[in-house]
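Notes follow the structure.
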Amino acid sequence: AAEADAAAARATQAAGRARNLAGQAAAAARTARDAANSAADHAEKAAAAAKEAAAHAGEAVDYANRSTLAANAAVEAANAAAAAVVKARDVEAAARQAEAESLAEETSEAIEQARLAAQAESNELERFNRERTQEARLSEELQAAISSAESALQNGTIEQAAAAGRKAAVRLLDGPGTWTRQAAEYALSGSDQDVVNWISTDRVLAVQQDNVENVAALAAMSTQAVATAAAEVLKTEDHAKIKAFLETGAVEAAAEDNRVEVARILADPSSGTRVRSEASAALDAGTAEAVHTFLWVGREAAVREDDQVAASTLLATGGPYTKAAAQIALEGDTFMLRQFIATTQYDFARIDQDRATHISAVRASIARAAKIAANAQEDAARASEAAAIARQAADKATEWANLAKGYAKDAAKSAQEARDNADAAERSAAEAAKSAQTASNAAAAALKASRVARQAATRAVRSAETAARYATDAAISATTARKQAIEAGKDAVSAAHAATQAYVLVIQAAVRQAIQNAIDNASVPVGDDDGELPPGAESCLTPFGKPIPSGNGATPWELGWSWLTGGGDRSQCFGPNDEFTSLYRAHPHTQETLEYFLTDWVRTGKYELGHTYMYDYSLGGVQGLKWLRDMGVTQPGDEWLTGYTGNHAYAFMGSQKIRMTPIRENADGSVVWRYTAYSEQSAESATRPPIIGYQDWYKESAGKAINGLIDWVSGDSGPGSTMTVLVEFNVTLGP
135 AAEADAAAAR ATQAAGRARN LAGQAAAAAR TARDAANSAA DHAEKAAAAA
185 KEAAAHAGEA VDYANRSTLA ANAAVEAANA AAAAVVKARD VEAAARQAEA
235 ESLAEETSEA IEQARLAAQA ESNELERFNR ERTQEARLSE ELQAAISSAE
285 SALQNGTIEQ AAAAGRKAAV RLLDGPGTWT RQAAEYALSG SDQDVVNWIS
335 TDRVLAVQQD NVENVAALAA MSTQAVATAA AEVLKTEDHA KIKAFLETGA
385 VEAAAEDNRV EVARILADPS SGTRVRSEAS AALDAGTAEA VHTFLWVGRE
435 AAVREDDQVA ASTLLATGGP YTKAAAQIAL EGDTFMLRQF IATTQYDFAR
485 IDQDRATHIS AVRASIARAA KIAANAQEDA ARASEAAAIA RQAADKATEW
535 ANLAKGYAKD AAKSAQEARD NADAAERSAA EAAKSAQTAS NAAAAALKAS
585 RVARQAATRA VRSAETAARY ATDAAISATT ARKQAIEAGK DAVSAAHAAT
635 QAYVLVIQAA VRQAIQNAID NASVPVGDDD GELPPGAESC LTPFGKPIPS
685 GNGATPWELG WSWLTGGGDR SQCFGPNDEF TSLYRAHPHT QETLEYFLTD
735 WVRTGKYELG HTYMYDYSLG GVQGLKWLRD MGVTQPGDEW LTGYTGNHAY
785 AFMGSQKIRM TPIRENADGS VVWRYTAYSE QSAESATRPP IIGYQDWYKE
835 SAGKAINGLI DWVSGDSGPG STMTVLVEFN VTLGP
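Numbering-wise, this note's numbering puts 346 at position 212 of the sequence shown, and it's gapless, one number per residue.
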């Protein structure tokens with residue numbers, strides 16, 4: 135997760151640098167446009183001089199010199215206009231060259247970072263392979279130690295069996311199974327007889343219960359079909375069937391869902407050639423194992439190959455910024471390449487298209503100035519021709535006439551160039567809009583996938599927490615039973631047997647809980663959006679169901695200043711120990727929310743673990759008076775109207791979407807809930823007047839206009855642009 139975050143940050147920085155370079159290019163292009171405008175001014179002066187020359191060309195000889203002077207002035211002004219056009223073109227070309235050099239420098243730096251990321255990924259893969267090899271070796275050694283302990287036990291050599299058992303138990307302390315680890319810890323803390331019981335009974339029970347919990351975890355994070363099949367196999371309480379379900383049954387249960395997913399991949403126009411080939415082969419094989427292997431093993435390699443092909447194509451055909459990004463992605467790690475192909479390529483395409491639009495617009499302006507200059511030169515030449523005729527200089531008149539024809543052709547050429555550039559600008563603008571929509575769609579799809587993945591991960595963690603709690607309870611029960619047996623004067627064998635019986639009772643309760651959890655998860659599929667937070671909140675949420683960490687020291691006043699000036703992160707996340715969160719929790723509505731869920735949900739028992747409930751805080755209509763209260767505008771004597779005075783955390787957040795999710799039940803009957811609050815601060819919400827500002831008609835009229843203006847001026851990160859705030863913490867309610 136940390137590597138993914140770092141890669142995402144690198145991609146964001148690269149996009150930011152691209153936007154900065156584009157801005158520099160735009161500034162240089164504006165200089166070129168100014169030069170073009172100067173050329174147009176000179177051309178207008180030339181035209182005026184030419185008209186004066188033409189007006190005097192047919193007059194008497196006394197006016198011939200005057201006509202010649204006017205014609206010369208026209209020529210001089212026209213030539214100055216033409217020179218200004220040349221300068222404008224030089225400036226525009228220099229801007230493009232400077233932009234290209236800066237982009238090359240930035241690309242070179244980013245490639246170095248990308249190579250470091252790729253090397254880190256390679257090192258991680260090597261480490262994983264080493265650990266997997268080591269794990270296989272340790273597994274063989276573990277099996278040998280267990281076999282040695284079992285053989286010694288069969289031969290009646292208790293001490294040897296206990297010694298071998300302890301060696302095996304030590305190796306299991308870092309193993310993956312919660313029950314297996316807990317049983318090993320218990321055995322190591324006990325007598326030789328406890329170790330013997332572990333070898334013959336407790337270890338086997340722990341392995342079986344770990345299988346039960348693994349099936350329950352599958353039910354928590356899989357489709358309804360798999361969850362239903364898991365619940366059915368758990369109901370049998372047949373450990374052979376439960377083990378078989380983990381080995382093959384889960385794959386068979388997921389077969390139809392997997393086939394649907396493979397068909398969706400084939401129908402997705404963004405799927406690459408290698409992915410399509412592998413997906414078709416998996417479907418053609420006709421087995422559950424084939425589609426499972428493709429989705430969970432072969433697909434990753436196929437996607438990377440297709441991504442490399444797609445990035446190489448963009449490297450050859452894209453605009454300069456897209457080419458640079460493709461080059462960086464090809465040098466980077468798997469995540470960086472996938473992110474580029476799936477989402478950020480469209481952002482860079484939009485930058486390229488915006489750049490092309492701007493360049494075409496500037497070049498169209500220069501071409502129009504060139505046309506005006508050429509027309510001015512033509513007019514000046516015609517004026518000079520007329521002046522030469524007036525002076526009876528036939529050769530000069532012919533020369534000027536020929537020049538006029540050439541200038542006319544130049545003007546026509548420049549006019550066509552202006553039209554072509556204008557058309558190109560229009561096409562680029564349309565393509566930029568299309569890329570923006572594609573980028574938005576890709577981001578929305580990624581966001582949806584992220585929400586589903588987080589929900590599945592949350593369920594899995596919750597399942598693991600339940601297993602860990604029962605395993606701990608089992609160890610405590612076994613320890614208590616053994617102690618009581620010894621205090622009652624029983625021997626070590628009887629005490630160990632009593633401990634095992636107590637252990638079994640807790641296991642039976644854990645099995646019943648696992649069955650019920652599987653049934654519950656089968657009835658509520660992963661991906662159910664009921665109670666989900668808005669997409670903007672996703673920027674704060676962490677994977678695996680954990681609350682966001684503390685560490686944001688910003689105060690409400692600092693947030694307000696950051697929002698006003700456009701400084702700082704536009705997505706603010708506050709964890710359980712942050713000052714902002716402490717202030718937020720002191721608000722009466724927070725206390726009211728907790729009291730409501732304690733009274734109406736915990737004590738009635740009508741909640742469902744893992745289900746998210748809504749309890750929003752609204753300032754709509756006359757409720758806008760609450761904002762005056764939270765800002766401390768009202769006085770203590772006004773409590774009859776507004777309740778109490780002063781809570782700047784609530785004042786800054788305003789209306790909020792509040793979600794409560796029960797995540798764990800404690801042995802004393804209390805329940806741990808996840809409290810999450812989310813709000814958005816925009817120019818409209820910050821400037822609305824109390825009461826009327828919270829009416830729908832105001833939001834849709836003045837409010838929408840205000841936000842539209844700020845979006846146009848500041849974009850996504852400037853002064854007054856929208857800021858999101860998320861507060862999250864766990865709270866225990868009850869009993």
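Positions of the beta carbon are idealized from the N, C-alpha and C atoms, including for glycine.
Other residues of its chain near residue i: CB distance less than 6 Å, five sequence neighbours each side excluded
| i | result |
| --- | --- |
| residue 342 | 373 |
| residue 375 | 367 |
| residue 412 | 428, 432, 436 |
| residue 802 | 869 |
| residue 425 | 392, 393, 396, 416 |
| residue 482 | 455, 456, 459 |
C-alpha distance - residue i paired with residue j, whole-angstrom precision
| i | j | result |
| --- | --- | --- |
| residue 282 | residue 304 | 15 Å |
| residue 873 | residue 241 | In the structure as shown, the chain begins at 135 and stops at 869. Residue 873 is therefore absent and cannot be evaluated. |
| residue 244 | residue 461 | 10 Å |
| residue 289 | residue 434 | 51 Å |
| residue 390 | residue 643 | 33 Å |
| residue 505 | residue 231 | 25 Å |
| residue 259 | residue 339 | 35 Å |
| residue 717 | residue 479 | 42 Å |
| residue 810 | residue 347 | 28 Å |
| residue 248 | residue 463 | 7 Å |
| residue 452 | residue 734 | 59 Å |
| residue 446 | residue 311 | 44 Å |
| residue 370 | residue 474 | 48 Å |
| residue 380 | residue 364 | 9 Å |
| residue 216 | residue 484 | 34 Å |
| residue 422 | residue 287 | 42 Å |
Cβ-based neighbour list, residue i, same chain, cut-off 8 Å, excluding 5 preceding and 5 following
| i | result |
| --- | --- |
| residue 866 | 800, 804, 805, 806, 807 |
| residue 360 | 352, 353, 384, 387, 388, 391 |
| residue 309 | 315, 318 |
Same chain only: Cβ atoms within 7 Å of residue i, ignoring 5 sequence neighbours per side
| i | result |
| --- | --- |
| residue 163 | Because the pLDDT at residue 163 is just 49, under 50, the model does not fix this residue reliably, and the point stays unresolved. |
| residue 871 | Because the chain in this structure spans residues 135 to 869, residue 871 falls outside the shown range and cannot be described. |
| residue 377 | 345 |
| residue 853 | 698, 699, 700 |
| residue 292 | 326, 330 |
| residue 302 | 276, 279, 280, 283 |
| residue 649 | 365, 368, 369 |
| residue 617 | none |
| residue 307 | 315, 318, 319 |
Whole-Å CB distance - residue i paired with residue j, under 8 Å assumed
| i | j | result |
| --- | --- | --- |
| residue 251 | residue 470 | 6 Å |
| residue 454 | residue 488 | The pair is not a contact, with the Cβ atoms about 12 Å apart (cut-off 8 Å). |
| residue 714 | residue 690 | 7 Å |
| residue 723 | residue 751 | 5 Å |
| residue 441 | residue 472 | 6 Å |
Among the options, nearest to residue i - alpha-carbon criterion
| i | options | result |
| --- | --- | --- |
| residue 639 | 364, 336, 289, 247 | 336 |
| residue 234 | 456, 647, 475 | 456 |
| residue 796 | 414, 732, 338 | 732 |
| residue 300 | 310, 312, 331 | 331 |
| residue 213 | 714, 503, 724, 739 | 503 |
| residue 694 | 720, 783, 414 | 783 |
| residue 748 | 794, 726, 708, 258 | 794 |
| residue 237 | 449, 396, 458 | 458 |
| residue 466 | 256, 223, 647, 482 | 256 |
| residue 294 | 280, 450, 448 | 280 |
| residue 324 | 349, 426, 296 | 296 |
| residue 404 | 379, 710, 444, 421 | 444 |
| residue 114 | 287, 721, 646, 709 | Residue 114 is absent from the structure shown; the chain starts at 135 and stops at 869. |
| residue 321 | 449, 350, 634 | 634 |
| residue 430 | 409, 543, 792 | 409 |
| residue 333 | 285, 450, 349 | 285 |
Min CB distance residue i to chain B below 8 Å
| i | result |
| --- | --- |
| residue 206 | Included in the structure is just one protein chain, with no chain B present. |
* Can you list, in chain order, the stretches of the beta strand (DSSP E) that have 3 or more residues and sit fully within the region 374-462? -> none
* To do: Pick out the complete beta strand (DSSP E) segments inside the region 693-729, 3 residues or longer, and give them in chain order.
  => 705-708
* **Segments of 4+ residues assigned as alpha helix (DSSP H) that fall wholly inside the region 309-341** => 312-323, 326-331
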